[in-house]
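Have a look at the structure below before the remarks.
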Amino acid sequence: MEIKNAEFIISNTDITKCPKPDKPEYAFIGRSNVGKSSLINMLTGRHALAKISGKPGKTQVINHFLIDKTWYLVDLPGYGYAQVSKTDREKFAIMIDSYLTGRPNLLCTFVLVDSRIEPQKLDLDFMYNLGERGIPFVIVFTKTEKLKSGALQNAKDRYKEKMQEMGWDDIPEIFVTSASANLGRKEILSFIQPLNEEFKSL
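Each number in our numbering comes from the position in the sequence shown (counting from 1) with 1207 added on.
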């Protein structure tokens, strides 16, 4: 699948104002500064579709982008950003939770993690909560161009080990990406395409 058109549709904090759920939808989320905006821009082939900032916590709303007039890519706020008030963090958590549980057309959530660091409790707990509620998700390793030889497999093994310790029988699929090296684009879009086709047949 090649993306020919990507356009911003709406930003909001209220899922009742999201677009009508008549198209397949995919959410992208991760800890602040994980490289989410860069990945979205790489996937869509648009340099400035998602706003990139050197300041963590830039995304604070639900952003809907319409891709090729047929499906939605959703940019969610990062979680775990410490430099906002506790009240704001709680608001973000409620907003994200209401979105993840309230969109019937959400086919998969892409959980982004920094491949260079050890598995973080915050990420693992977030994934565990998705699994507990039956929300489909996959794991996306970001910034893999900065890993030395052999470190990528070690990173995968560490995540699998930690998730198995938490009781996972089947480990979600892991995608390896690098926005700067344009890595992982084909694999993620190839994953999305058959889900789109399945949605159309419902």
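All C-beta atoms in this analysis are idealised placements derived from N, C-alpha and C, irrespective of residue type, glycine included.
Beta bridge counterpart(s) of residue i as assigned by DSSP
i	result
A1386	DSSP, once it has assigned bridges, lists no residue as partnering A1386.
G1309	Answer by DSSP bridge pairing: none, since G1309 is not bridged.
L1273	E1214 and Y1279
F1344	T1316
I1324	Partner(s): none; I1324 has no beta bridge.
T1349	D1321
Residue i, enclosing alpha helix (DSSP H) - first and last residue
i	result
E1372	A1358 to E1372
T1223	It is not in any alpha helix (DSSP H) - T1223 carries neither H nor E in the DSSP assignment.
I1399	R1392 to S1408
D1332	K1328 to E1339
T1251	K1243 to T1251
Beta carbon of residue i nearer than 8 Å to that of residue j
i	j	result
E1214	L1273	yes
E1380	V1345	yes
Y1306	I1222	yes
S1245	A1386	yes
F1317	F1235	yes
G1374	V1383	no
M1208	N1389	no
K1211	D1275	yes
R1365	P1326	yes
L1314	P1231	yes
Buried versus exposed, by CB contacts within 10 Å (16 or more), residue i
i	result
R1310	buried
G1261	The pLDDT assigned to G1261 is 47, lower than 50, so where the model puts this residue is not dependable; a value taken from the coordinates is nonetheless given after this. Flag for G1261 reads exposed.
H1271	buried
D1229	exposed
L1280	buried
D1330	buried
A1255	exposed
I1301	exposed
T1308	exposed
I1399	buried
E1297	exposed
T1277	exposed
K1350	buried
Opening and closing residue of the beta strand (DSSP E) in which residue i lies
i	result
E1214	A1213 to N1219
I1236	E1232 to G1237
Evaluate contact between the stretch 1231 to 1242 and the stretch 1314 to 1329, counting only Cβ atoms and requiring at least three cross-stretch pairs below 8 Å.
yes
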